[in-house]
Structure formats: C-alpha cells, structure tokens
Amino acid sequence: MMTLPLIITICVLILIAYAFDITSRHTKIPTIIFLLLLGWGVKKLTEVFNLNLIDLGPLLPVFGTIGLILIVLEGGLDLEINKQKKKLIKKAVWSALLPLAALCLFIGIAIHLLNKSSLMDSLINAVPFCIISSAIAIPSVQNLNNKLKEMVIYESSMSDILGVILFNFLIRSEVIEASSFLIFGLQIFVMLIISLVASMGLAFLIKKIDHQVKLIPIMMMVVLIYSVAKAYHLPALLFILIFGLFLNNLDEFKNISFIRQLEPKKLDIEVHRFSRLVAETAFLIRTIFFILFGYTITVEKLFNLSTLSYAFLIVVLILVVRFVQIKISRLKINPILFIAPRGLITIMLFISIPLKDRIAFVSESLVLQVIILSILVMMLGLMFHRPSKQMTVESSSEPGSLSFRKETNFNAL
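Quick note on the working numbering: the sequence shown kicks off at 133 and runs consecutively.
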C-alpha cells in the first residue's frame, strides 16, 4: 500500500516548502531555487529506491494555469486604484509593455536569422522569454519597501497579461494585417465587458450567500469564467486582474448605485477572508508546480553547453533592455533592474506553442537555463541591495502589509 507513504511525502514536501518560504525573507534566496532543488532531489530518491511513478509532466499545465490565475488574482487583491496611483500605473504599464515588445522583436529576429525559420514562428517562440514571472517576482520582493513592492506587483502582473495577449495574438494570426488588429481590439473590448459584469455578479454573490461555505465556490466560478473565456480565445487573464482590483477598490466606486447596495464596508470583511484564501491557495499551487517542474529537470538539460551561451546572451539582453526602460521611466536602477525573473509563465507559454510553430533551437534546455540564470541574477541583486534607513522604517512599520500609503511619492522610484 502506497497511500500512507504518499500522504506523508506530500505533507513533508509542503512543510519543507513553507520553511523555505519563511527563511527566504532572511536569506534573500528566492523560494523557487529551493523548490526546484527539492523536486530534483525527490526524482533522485525515486531512482535510488527504484520507485516507478507515473509521468508527472502532464500535471504541469494544470497546476501552472491554476497557479497563474491565483497569482494574478492575489496581486489584484493587493492593489489600490485611485488618483494618487495614476502615475504609478502608467509607469508600470509602460515598464511591462516596452521591454515585452522590444525583447520579442530582438529575440525573434535573432532566432529567425540563426535558424532560417519564418519570422512569425520566431516571434512566437521568442515571447516566453520576454515576460516577467509574477509567480517569482512578487514573493521575492516582500523585504522591499512598499513603493518598490507595489511597482513590482503592477509591472509583473501587467507583464503576464500583456505577454499572454501578445502570445495568443501571434498564434492566431497567420499573417499580421489590419484585420488582425481589429479582431484583437474587439476581443479586448468584449473581455472588458465580461470582466466588469462578472466582477459585479461575483461581488453580489459574496455578499448575498449566507452559507458557511461560499468562498471556495466563488473561487471555482473565477476559474470557470477564466477557462470558458480562454476556450473562446479571449484575453482571460484580464478578467482575473479586473476582478481582484474591483474587490479591493469597492470604495472608489461607491458613487455607483449598484456598488452602494453591496455595502462596501461590510463586504470588505468577506473580501479580506477571500484574499487570505487566495494567498494560501496560491502558495500551495505554486509550491506543487515548481516541485513538479524540478522533478522533470535533468542534469543534461540544465548543463547543456550547446544552449548555455545563448541563454546567457538572452539574459544579458533582458538586462540591457530593462536598463534602458528604467532610464526612460526615470526609475531607480537598484534593485528594479534585477527583478525580471522568468518562470511559471515562461514554462506555460513554452509548452503551449503549437507543434507546427515549434523551433528546435528553442529547446527545454534553453528555457530552463534562461529561467535559472534570470532567477540567480535577481537573487544576487536582492542580496546586495541595501535599503536606506527611511525605507527600512517604512517597511517595518507595516509588517506583511500590502495596503499601500496614499501619500507615496512615486518619483522616488
């Protein structure tokens, strides 16, 4: 009977991951490094004891998709939208959009020239390398001051969303022409309408349902709406972010009669409970995903010398483009420059590339090496970052809080 050993193993792995999550705040080593090593270690133990497990690879897209939903939702539930944040939001959107477009173009053209592949296929294969992973960036900046933390949450969440939108746009456009942009704009408009209606409907259900179990069904509805929208090729992540922002900013919409009927002050209690549930579930799913990914890693893939130099060049290009973007946006170089990890979203998009569009050059080894190198760069950047005394006082005065001050001066970024 393998039932009890399996249960014990899963519990121990999750608890070890939790210990990593706690200690990472002090060591400044991203939790994902430990999780990947943990998964790889489990694989080696199964080989030592000759345990034959089922192929766990097919589980990656499932946990990856759910993890992406929960991470973006968690980010949305942490962010405020008001007049004071207008400047920050603009900076975050441009910080996500400009590097995404530039990197996609540079890496895509490089792949096109090196492999003589079609430019469209080259661009599709380039997109996974161009997106900041919110699944890694957000948990890694908990020790930073609130201004930087908020910037990273906005930027990485927008990078995920814009990157997925660009990826889907390229996949569904055999040839880029005027009609492609028209359809693209229509899809975004439709998704915005669906997001607003669904967000109001779900908020109404949170208020009206008085059964002791209601937050899990709400979460399932969120995943269901995302999945249905995704099935119709709509930018479904947009709904996730809008829903999170809507719940966390009900007070900003209290002039609308429907919102007043929801009684935002009372609803805030349920929203807080929902936010905690999302955060804890996101931790669990993220942990399982990266342990599974670590389990699939082989030494041959990680140390493939034929792709290592290309992976290094891609990471250098990411940093160069990011440096230029930071200068244009007039942001503070350190530590923002180094917080550009690739991770969950990179893996998800890579395995989502249709077989007909795949390019052999963009291999699992190249993807894995870019992810690891970008995470190591972020780790070193955070380890050598020394916050000012003012930042330290500000961070310590609001322990574990992401309820950001309205008087924040974003020019200091």
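Idealized CB from N, CA, C, for every residue including glycine.
Between the CA atoms of residue j and residue i - distance to the nearest angstrom
i: L205; j: I341; result: 21 Å
i: P231; j: I186; result: 40 Å
i: K176; j: L434; result: 15 Å
i: A149; j: S312; result: 44 Å
i: L382; j: V180; result: 55 Å
i: A228; j: L294; result: 8 Å
i: I510; j: E309; result: What sits at residue 510 in the sequence shown is Met, not Ile. When rounded, the distance between both Cα atoms is 38 Å.
i: H158; j: L505; result: 21 Å
i: F415; j: K362; result: 23 Å
i: L534; j: I326; result: Interpretation of L534 is limited by its pLDDT of 41, a score under 50 that renders its predicted location unreliable; no figure is taken from the coordinates.
i: R405; j: S156; result: 25 Å
i: E496; j: L394; result: 48 Å
i: N436; j: A335; result: 50 Å
i: K223; j: L487; result: 36 Å
i: S305; j: G317; result: 13 Å
i: M523; j: I154; result: For M523, the pLDDT reaches just 45, beneath the cut-off of 50, and the residue's location in the model is therefore unreliable, although a value from the coordinates is still provided. In a straight line, the C-alpha of M523 is about 21 Å away from that of I154.
i: T178; j: I142; result: 14 Å
i: N247; j: I140; result: 48 Å
i: L147; j: L476; result: 21 Å
i: L373; j: S438; result: 39 Å
i: N275; j: I315; result: 42 Å
i: N278; j: I460; result: 22 Å
i: Q457; j: M134; result: 53 Å
i: S528; j: A411; result: Since pLDDT at S528 reaches only 43, below the 50 mark, its modelled position is unreliable, and the value read off the structure follows with that caveat. Approximately 21 Å between the Cα atoms of the pair.
i: Y358; j: L138; result: 32 Å
Same chain, Cβ closer than 6 Å to residue i, neighbours up to 5 away in sequence not counted
i: S254; result: G240, I243, H244
i: V499; result: F482
i: D489; result: D253, I256
i: N513; result: Per the sequence shown, residue 513 should be read as Gly rather than Asn. Once the five neighbours on either side are set aside, the close Cβ partners of G513 are P467, F470.
i: V83; result: Since the first residue of the chain shown is 133 and the last is 545, residue 83 is not available in this structure.
i: L251; result: H244
i: L235; result: C262, V453
i: V494; result: N257
i: L324; result: none
i: K346; result: none
8 Å Cβ cutoff met for residue i and residue j
i: V259; j: V273; result: no
i: N466; j: G208; result: no
i: A269; j: P473; result: yes
i: I503; j: T478; result: yes
i: G426; j: L168; result: yes
i: L192; j: I423; result: no
i: L399; j: I338; result: yes
i: M480; j: K160; result: no
i: E282; j: L237; result: no
i: V322; j: L366; result: yes
i: F375; j: V355; result: no
i: I491; j: S331; result: no
Nearest to residue i (by Cα), restricted to the options the options
i: I348; options: T163, S407, R304; result: S407
i: F421; options: I140, Y364, F195; result: F195
i: V431; options: I450, A363, Q501, L373; result: Q501
i: V198; options: L246, S249, R418; result: Here the sequence assigns Ile to residue 198, which means Val is not the residue at that position. Nearest C-alpha to I198: R418.
i: P271; options: F493, P193, F152, S311; result: F152
i: G171; options: T155, K160, G189; result: G189
i: V448; options: T135, C262, N184; result: C262
i: L211; options: L280, G173, F238; result: L280
i: F371; options: I320, P137, H343; result: I320
i: H343; options: N300, N278, E402, L298; result: E402
i: T428; options: L409, F390, P162, G173; result: G173
Beta-carbon separation (whole angstroms), residue i vs residue j, contact threshold 8 Å
i: L377; j: I213; result: 6 Å
i: I203; j: A267; result: 5 Å
i: V225; j: M290; result: 6 Å
i: S288; j: I303; result: Actually they do not touch by this definition, with Cβ atoms about 22 Å apart.
Same chain, Cβ closer than 7 Å to residue i, five either side skipped, listed in chain order
i: H517; result: N466, P467
i: P396; result: L382, D383, K386
i: Y442; result: L498
i: L136; result: none
i: I485; result: I256, N257
i: R392; result: K386
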